[in-house]
Ligand code: 5GP
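In our numbering, the protein residues as written are 1 to 202.
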């Protein structure tokens, strides 16, 4: 049985990474795809854990050899999803989660039309701005640029199947767990998982 493919997108500042981490802790059946990126690691990030950090020449070489299921330039850096890893996991029937942007989501949907898209929203623009400003000593210009990027991402929200508003973290986590649980209860998933039962009902 093929696994489910979840795509989670959100503008930065919505708590997406925290939510995804909690989802994975609470639902061990889902595996996170570790993307490749050319951006520099942030404090506390480890190669192979948050991302595979590579240089631009390596990234371009991987595009050339067809290693990516999708790739995109986001905020001036390259990001890409490893094709071989996803294909192996999905073929083994495991559920995989991609934390990617709208451009990547569009490419993945073409290859896996059954992918389940989840978009995470902040409770308001004012709260998003507060969260984006609260990160440190960034200039008003930097924050304005992040807000514009957030709006660009949110323009693509309707391309996703589910929308989760991250006002209260526990509530949003419950919503995310519900989406994962519901997807496993679809007719298609259940009829494959319980093939013997389904075969002898009538
Ligand atoms: P960050 O640098 O803050 O970790 O991520 C910046 C943006 O890049 C986020 O919107 C994130 O979802 C997106 N991103 C991360 N990995 C990938 C990937 O493999 N492909 C695409 N298309 N976007 C990605």
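We put the beta carbon where it would ideally sit given N, CA and C, even for glycine.
- Shown here, residue 65 sits in coil according to DSSP, grouped into three states, outside any helix or strand.
- Listed as beta-bridge partners of residue 77 by DSSP are 74.
- For residue 100, no pairing in a beta bridge is given by DSSP.
- In this structure, residue 107 lies away from residue 159, with their beta-carbon atoms at least 8 Å apart.
- Bridge pairing for residue 165: 121 [DSSP].
- In this structure, the beta-carbon distance from residue 100 to residue 35 falls below 8 Å.
- Not one heavy atom of ligand 1 is found less than 7 Å from the C-beta of residue 143.
- The beta carbons of residue 177 and residue 27 sit about 6 Å from each other, so the pair counts as a contact at 8 Å.
- A residue is called buried once 16 or more other Cβ atoms fall within 10 Å of its Cβ, and residue 122 is buried on that count.
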